[in-house]
Amino acid sequence: MISAALRRFLNHGVATTSVADIAADAGVTERTFYRYFPSKEHILFSDYDARLDWFRAALRVRPPREPIMASVRTAVESFPYDDALREVAELRTRELQIDTINAHLRRVQADFTHEIVQHLRRLRRTSSGDDVLDTLRDQLQAQMISSAMFTALDVWLATGAGDFEALEHLIDSALGIIAEGVQ
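In the UniProt record's numbering, the protein residues as written are 1 to 183.
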């Protein structure tokens, strides 16, 4: 269904493509389509679970003593960008309202933040002796890191700043800014 939908979106646009068109192209009923996707727009975000799984795995293989910023940077640099991902990203930015994209990105950001928190907890080297302060530290660090990453993504989407290499550069720059500290 995803392939059929993406082909149709690329050829005809999201707005003019109906669920019936996608279902017919995929050889399924509309009812079957709705078992998997609440709307046709959700297909444009269907790669999300795989990308989150990739990020989780990329963090888990980092060395235990590596600083969190280095772990996240290396994970981002190893991201498997490909033509299909580029086409879907272009479709999203061209065809969807920015509010729809931003709402989805905030959900994605929350999940990435959660993964960073889990990574920090697995690697906790020192404890303040106060679970509340440790939780605060983990949450704050994770929020800053994911906020930097997703702010870079927002800027990239809003400015049409180029290819995925440009996005990677923006993310690295954003992480560098927060690594310097708030002045």
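Using N, Cα and C, we set each Cβ at its ideal position, and we do this for glycine too.
Beta-carbon within less than 8 Å of Glu30's beta-carbon, same chain only, minus the 5 sequence neighbours each way: which residues are those?
Contacts found: Val19, Ala20, Ala23.
Starting from Arg137, trace the alpha helix (DSSP H) in both directions and tell me its first and last residue.
First-last of the alpha helix (DSSP H) with Arg137: 131 to 159.
Evaluate contact between the segment 73 to 82 and the segment 53 to 61, counting only Cβ atoms and requiring at least three cross-stretch pairs below 8 Å.
Verdict: yes, contact present.
With Val14 and Lys40 assumed to form a contact (beta carbons below 8 Å), what rounded beta-carbon distance in angstroms separates them?
So it is a contact: roughly 7 Å between Cβ atoms.
Spell out a yes or no on whether the segment 59 to 72 and the segment 33 to 51 are touching, meaning 3 or more CB-CB pairs, one atom from each, closer than 8 Å.
No, they do not touch.
Mind checking Leu44: buried by the 16 CB within 10 Å criterion, or exposed?
Buried is the call here.
Buried or exposed by the 16-neighbour rule on C-beta atoms within 10 Å, applied to Glu115
Residue burial is scored here from C-beta neighbours: Glu115 has at least 16 other C-beta atoms within 10 angstroms and is therefore classed as buried.
When Ile178, Leu91, Gln141, Asp172 are compared against Val117, the one with the closest alpha-carbon
Of the residues Ile178, Leu91, Gln141, Asp172, the one whose Cα lies closest to the Cα of Val117 is Gln141.
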